[in-house]
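Q: Numbered per my numbering, the sequence shown spans residues 54 to 141. Cβ coordinates follow ideal geometry from the N, Cα and C atoms, glycine included.
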Amino acid sequence: MSEHRFTLDNTSAAVAPAAVRPPHYLHNLRYRKPTEATRTSPEGHTLRALSDLTVVTCACGLTTPALPNDEARLIYEEHRNEIRDEMA
54 MSEHRFTLDN TSAAVAPAAV RPPHYLHNLR YRKPTEATRT SPEGHTLRAL SDLTVVTCAC
114 GLTTPALPND EARLIYEEHR NEIRDEMA
């Protein structure tokens, strides 16, 4: 068997690093259930159960208030489409 000797190549050690780029993932779109107390009307009636509400958040700064599930789903889909178009 022959003996191979390798030398360390330091030719790129003096090269400056690449330009600073933004993080690859600017978005992190998520659903979550609100943790606030149940909302009640001035008369004491429950306005909507927390299980019917959803908050949509994203790392880019999108944060919705507690919305009905259907409205939250629409906002989620719209933002997901914006992300897809941004990446294309």
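Please report the residue range of the alpha helix (DSSP H) in which L127 lies.
A: Locating residue 127 in the sequence shown gives position 74, counting from the first residue. From DSSP, the alpha helix (DSSP H) with L127 extends over 122-140.
Q: If I'm right that C111 touches N81 with Cβ under 8 Å, what's the distance once you round it to whole angstroms?
A: Counted from its first residue, the sequence shown places residue 111 at position 58. Counted from its first residue, the sequence shown places residue 81 at position 28. So it is a contact: roughly 6 Å between Cβ atoms.
Q: Which stretch, first to last residue, makes up the beta strand (DSSP E) that contains T110?
A: For the purposes of this step, residue 110 is identified with residue 57 of the sequence shown, where counting begins at 1. Under the DSSP assignment, T110 falls in the beta strand (DSSP E) whose first and last residues are 106-110.
Q: Exposed or buried, what is Y129 when buried is set at 16 or more other beta-carbons lying within 10 Å of its beta-carbon?
A: Counting from 1 along the sequence shown, the entry for residue 129 is found at position 76. Flag for Y129 reads buried.
Q: As a quick exercise: from N122, D123, V108, pick the residue whose alpha carbon is nearest that of T116.
A: As a working note, residue 116 is residue 63 in the sequence shown. For the options N122, D123, V108, the alpha carbon positioned closest to that of T116 is the one of V108.
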